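**Q**
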Amino acid sequence: MDCIFDYKLSDMQEYFVSIGEKKYKAKQIYEWLYKKRVYNFSDMSNISRALQEKLESTFDTSMLKLRKRQTSKLTNKYLFELSDGNLIEAVLMRHDYGLSVCVSSQVGCNMGCTFCESGRLKKVRDLKSGEIVRQILMIENDVNMRISSVVVMGIGEPFDNYANIMDFIRIINDPSGIAIGARHITVSTSGIVPRIYDYANEAIQTNLALSLHAPNNVLRNKIMRVNKAYPLDDVLKALKYYIEKTNRRVTIEYLLLDGVNDTIDCAKELAHLIKGLNAYVNLIPYNETSHIEYKKSKNEIVMQFYDTLKKLGINVTVRREFGGSIDAACGQLRASEVEK
Ligand code: SAH
Ligand code: SF4
């Protein structure tokens with residue numbers, strides 16, 4: 000059976016036409032699933048009994064299984080089980096402006112960044128679009144509130160699962176469905192260059208974040224293996240193309256690792272590297288894990304890095320720390336569960 004949450008509205012319209020039904024039925028089903036949150040076809044009162052039965056035998060509407068939930072004031076962290084038993088995680092964050100959710104895009108990750116817990120456990124498989132959509136549904140249904148923004152920054156490299164990520168985006172962006180505005184959706188990549196070009200060419204106004212984490216190839220090669228395949232020059236060229244093409248500002252994520260990439264020289268080199276680019280830098284305090292040796296940079300060092308960038312005319316913010324105490328960094332909850 001097909002998972003119904005893998006279907007974009009256009010896929011569903013095509014399906015109804017293919018079985019000799021009216022196209023508008025697709026919109027009705029979308030509204031039941033995503034607006035009214037009704038997942039039993041037999042409860043969909045504007046659908047004939049015959050069609051309900053047909054849909055029941057064609058589509059799977061089951062949700063993810065909630066394996067674990069950890070809550071704190073600012074965050075809820077969820078561990079979900081997929082139908083094949085694999086585990087993924089998602090995080091809900093409470094901001095002044097509303098709720099945001101960070102979703103996973105793969106089971107594990109093959110990029111092998113040395114500081115990252117998700118990459119420590121190799122990729123098992125890509126997530127289907129419906130498995131990403133259901134992370135949002137599960138969380139909205141759990142807190143009984145609507146989410147205002149989505150970041151694809153959980154476990155996995157979204158641009159290593161490009162087609163499913165774009166389907167996911169189109170499904171949650173659809174006005175007949177969850178209807179999250181494109182400008183409130185951000186995809187974060189470690190820098191898979193060909194997909195940055197593809198993303199720039201998509202006709203949708205979503206955002207891009209790039210995990211840079213180092214201002215030169217020598218250092219970046221050491222902590223992010225992906226840099227060997229797609230070195231800095233190529234990544235920056237792709238970013239420029241993206242900015243020109245979309246007219247959008249990109250986010251440069253820069254994780255601060257104690258004694259590794261947090262010196263004043265690194266800050267200067269970073270400022271020089273991205274000078275003139277329509278971008279802002281988000282400094283990320285490292286979330287320490289028990290398996291990986293890196294330490295987070297001291298507060299004074301973070302402020303010094305911040306000031307250096309500011310003085311050199313770079314737009315910069317320091318990310319508020321979410322849920323360090325509840326394993327909220329990338330992949331930690333899953334890793335601790337898988338290794339039990
Ligand atoms: N694979 C994509 C998206 C998922 S990782 C990417 O790398 O961009 C999302 C972000 O979390 C990345 O910027 C990553 O570098 C960062 N990250 C990984 N481990 C972290 C940790 N322990 N503490 C803080 N941020 C971390
Ligand atoms: Fe994968 Fe992103 Fe972690 Fe690197 S930081 S290993 S790309 S999830």
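Quick note on numbering: numbering that gives the first Met the number 0 labels position 232 of the sequence shown as 231, and the sequence is numbered without any gaps. The C-beta atom is built at its ideal place from N, Cα and C for all residues, glycine as well. As the structure is a computational prediction, the values presented were derived from the model and not from experiment.
Mind checking whether the beta-carbon of Asn260 lies closer than 7 Å to any heavy atom of ligand 1?
**A** Along the sequence shown, read from residue 1 onward, the residue named residue 260 stands at position 261. The nearest non-hydrogen atom of ligand 1 is 7 Å or more from the C-beta of Asn260.
**Q** With ligand 2 as the reference, list in chain order each residue whose Cβ lies under 5 Å from any of its heavy atoms.
**A** Cys108, Met110, Cys112, Cys115, Ser117, Gly118, Glu156 and Ser189
**Q** How would you label Tyr96, buried or exposed, when you count the other beta carbons within 10 angstroms and need 16 or more for buried?
**A** Here residue 96 corresponds to residue number 97 of the sequence shown, with the count starting at 1. Result: exposed.
**Q** Kindly indicate which residue of Glu13, Lys35 and Tyr23 has the alpha-carbon position closest to the one of Asn176.
**A** To locate residue 176, count along the sequence shown from 1; it is residue 177. One detail in the question is off: residue 176 reads as Gly in this sequence, not Asn. Minimum Cα distance to Gly176 is reached at Lys35.
**Q** When the Cα atoms are used, what is the spatial distance from Ala208 to Ser187?
**A** Here residue 208 refers to the residue found at position 209 of the sequence shown. Here residue 187 refers to the residue found at position 188 of the sequence shown. So the two alpha carbons sit approximately 4 Å from each other.
**Q** Check Cys329 in the structure and name its three-state DSSP category.
**A** In the sequence shown, counting from the first residue as 1, residue 329 sits at position 330. Caution applies to Cys329, whose pLDDT of 48 falls short of 50 and renders its modelled position unreliable; the value that the coordinates give is listed next. Note: Cys329 maps to coil in three-state DSSP.
**Q** For Asn260, tell me which candidate among Gly312, Glu287, Ile242 and Tyr293 has the shortest Cα-Cα distance.
**A** On the sequence shown, residue 260 is found 261 positions in, with the first residue counted as 1. Nearest of Gly312, Glu287, Ile242 and Tyr293 to Asn260, Cα basis: Tyr293.
**Q** Name the one or two DSSP bridge partners that Leu207 has.
**A** Locating residue 207 in the sequence shown gives position 208, where the first residue counts as 1. Val186.
**Q** So what's Gly97 in DSSP terms, helix, strand or just coil?
**A** Along the sequence shown, read from residue 1 onward, the residue named residue 97 stands at position 98. Gly97 falls in the strand class under three-state DSSP.
**Q** When DSSP labels each residue in this structure, what does Arg194 get in the three-state scheme?
**A** Within the sequence shown, numbered from 1, the residue matching residue 194 stands at position 195. Residue state, collapsed to three classes: helix.
**Q** I want to check one thing, is the minimum distance from the CB of Ser296 to the heavy atoms of ligand 1 below 7 Å?
**A** To locate residue 296, count along the sequence shown from 1; it is residue 297. The answer is no for Ser296.
**Q** Within the same chain, show all residues whose beta-carbon is closer than 6 Å to that of Ser296, passing over the 5 residues directly before and after it, in chain order.
**A** What you label residue 296 is simply residue 297 of the sequence shown in a count that begins at 1. Within the same chain, Ser296 has close Cβ partners Leu255, Asp257 and Asp261.
**Q** Using 7 Å as the cut-off, classify the Cβ of Met152 as near or not near the heavy atoms of ligand 1, replying yes or no.
**A** Counting from one through the sequence shown, the residue named residue 152 turns up at place 153. Because some heavy atom of ligand 1 lies under 7 Å away, the Cβ of Met152 counts as near it: yes.
**Q** What beta strand (DSSP E) runs, 3 residues minimum, are completely inside the region 41-129?
**A** If you keep only unbroken beta strand (DSSP E) runs of at least 3 residues inside the region 41-129, you get 64-70, 74-80, 86-94 and 97-101.
**Q** Grab me the residues of Glu30's own chain with a C-beta within less than 7 Å of its C-beta, minus the 5 sequence neighbours each way, in chain order.
**A** Counting from 1 along the sequence shown, the entry for residue 30 is found at position 31. Excluding sequence neighbours, Glu30 sits near Ser175.
**Q** For Gly19 and Gln12, what's the separation of their Cα atoms in angstroms?
**A** Counting from one through the sequence shown, the residue named residue 19 turns up at place 20. Counting from one through the sequence shown, the residue named residue 12 turns up at place 13. Roughly 11 Å between the two C-alpha positions.
**Q** Once DSSP output is grouped into helix, strand and coil, what is the label at Thr245?
**A** Walking along the sequence shown from the start, residue 245 turns up at place 246. Looking at Thr245 - three-state DSSP - the assignment turns out to be helix.
**Q** Around the Cβ of Asp326, are there at least 16 other Cβ atoms within 10 angstroms (buried) or fewer (exposed)?
**A** One-based indexing of the sequence shown puts residue 326 at position 327. Model confidence at Asp326 stands at a pLDDT of 45, short of 50, so the residue's coordinates are unreliable and nothing is read from them.
**Q** CB-CB under 6 Å to Asn281, same chain, minus the five flanking residues each way: which ones, in chain order?
**A** Sequence index remark: in the sequence shown, residue 281 carries index 282 (1-based). Only Thr250, Glu252, Thr316 and Arg318 meet the Cβ criterion.
**Q** For ligand 1, is there a heavy atom less than 7 Å away from the beta-carbon of His212?
**A** Position 213 of the sequence shown holds residue 212. Under cutoff, so the answer is yes.
**Q** Under a three-way DSSP split, which group does Gln12 fall into?
**A** Reading the sequence shown from its first residue, position 13 is the one you call residue 12. Judged by DSSP in its simplified three-state form, Gln12 adopts helix.
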